[in-house]
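Chemist: My questions will all concern the structure given below.
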Amino acid sequence: MTQQDDVFRKAPLFTALGDEAAASLRASMDPVKISKGNILFAEGDEGDHLYVIVEGKLKLGTSSGDGRENLLSILGPGDMFGELSLFDPGPRTSTATAVTDAKLLSLGHKELIPWLAVNPAVALHLLERLAQRLRRTNEAVGDLVFSDVPGRVAKALIDLGERFGKQTDEGLYVHHDLTQEEL
Numbered sequence: 001m002t003q004q005d006d007v008f009r010k011a012p013l014f015t016a017l018g019d020e021a022a023a024s025l026r027a028s029m030d031p032v033k034i035s036k037g038n039i040l041f042a043e044g045d046e047g048d049h050l051y052v053i054v055e056g057k058l059k060l061g062t063s064s065g066d067g068r069e070n071l072l073s074i075l076g077p078g079d080m081f082g083e084l085s086l087f088d089p090g091p092r093t094s095t096a097t098a099v100t101d102a103k104l105l106s107l108g109h110k111e112l113i114p115w116l117a118v119n120p121a122v123a124l125h126l127l128e129r130l131a132q133r134l135r136r137t138n139e140a141v142g143d144l145v146f147s148d149v150p151g152r153v154a155k156a157l158i159d160l161g162e163r164f165g166k167q168t169d170e171g172l173y174v175h176h177d178l179t180q181e182e183l
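Shown next, in the form of structure tokens:
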């Protein structure tokens, strides 16, 4: 099993698949490479692909009217994003930018929809994933309304530590590749 296959199998959407179903879906995915600092897609772009991160990190963000960036999420290996565009073909609601060099797997609408008809368990997992995202969005709105800046930064650091932290003799080490402004 390759690293791409291993990460693909651990992505939440695909954990319930049997080996044959996973191999079938994996065969319809395309590899994508993106260099640090490059934009995979921009807010407002048309989109019909979801992505699974194999290596590296990406950030999702939106722009405010005055040009400031609102960081929505930092994603790493095994994380999936872009799935909203598979069911709602409207413009992208965020910009995806590589924080590090990254390798991804891409799956398009025309490949996934017929496949879901034959594998309804995956559709249920996708609904769970979308519900989790909605829950996190609701929490983020609550944080913006009820938390001050130090509280939001502390919460972001705790989240980064839980997701990307490595325990060392000195404590928890988090290599997040973010600027102070992005935090």
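In this note's numbering, the protein residues as written are 1 to 183.
Heads up, the beta-carbon is just placed ideally off N, CA and C, and yes, glycines get one too.
Ordered along the chain, which non-local residues of its own chain (more than five positions away) have a Cβ less than 7 Å from that of Met29?
Modeler: Closer than 7 Å at Cβ, skipping near neighbours: Leu105, Ser106, Leu107.
Chemist: Would a C-beta distance cut-off of 7 Å place Val99 and Met80 closer than the cut-off?
Modeler: No; because the gap between Cβ atoms is not below 7 Å, this pair is not in contact.
Chemist: Leaving out five residues before and five after Lys103 in sequence, what residues of the same chain have Cβ atoms less than 6 Å from its Cβ?
Modeler: These residues qualify, in order along the chain: Lys33, Val54, Glu55.
Chemist: According to DSSP, simplified to helix, strand and coil, what is Val118?
Modeler: Three-state result, Val118: helix.
Chemist: Contact between the region 111-123 and the region 62-75 is defined here as three or more beta-carbon pairs at a separation below 8 Å; is this criterion met?
Modeler: No, they do not touch.
Chemist: Measure the alpha-carbon distance for Arg136 versus Asp169 and round it to whole angstroms.
Modeler: When rounded, the distance between both Cα atoms is 32 Å.
Chemist: Is the beta carbon of Thr97 sitting closer than 7 Å to the one on Lys59?
Modeler: A contact, by the Cβ cut-off of 7 Å.
Chemist: Looking at the strands, I want to know which residues DSSP matches up with Phe8.
Modeler: Partner(s): none; Phe8 has no beta bridge.
Chemist: Identify whether His109 lies in helix, strand or coil by the three-state DSSP scheme.
Modeler: His109 falls in the helix class under three-state DSSP.
Chemist: Buried or exposed: Ala27, going by 16 or more other Cβ atoms within 10 Å of its Cβ?
Modeler: Result: exposed.
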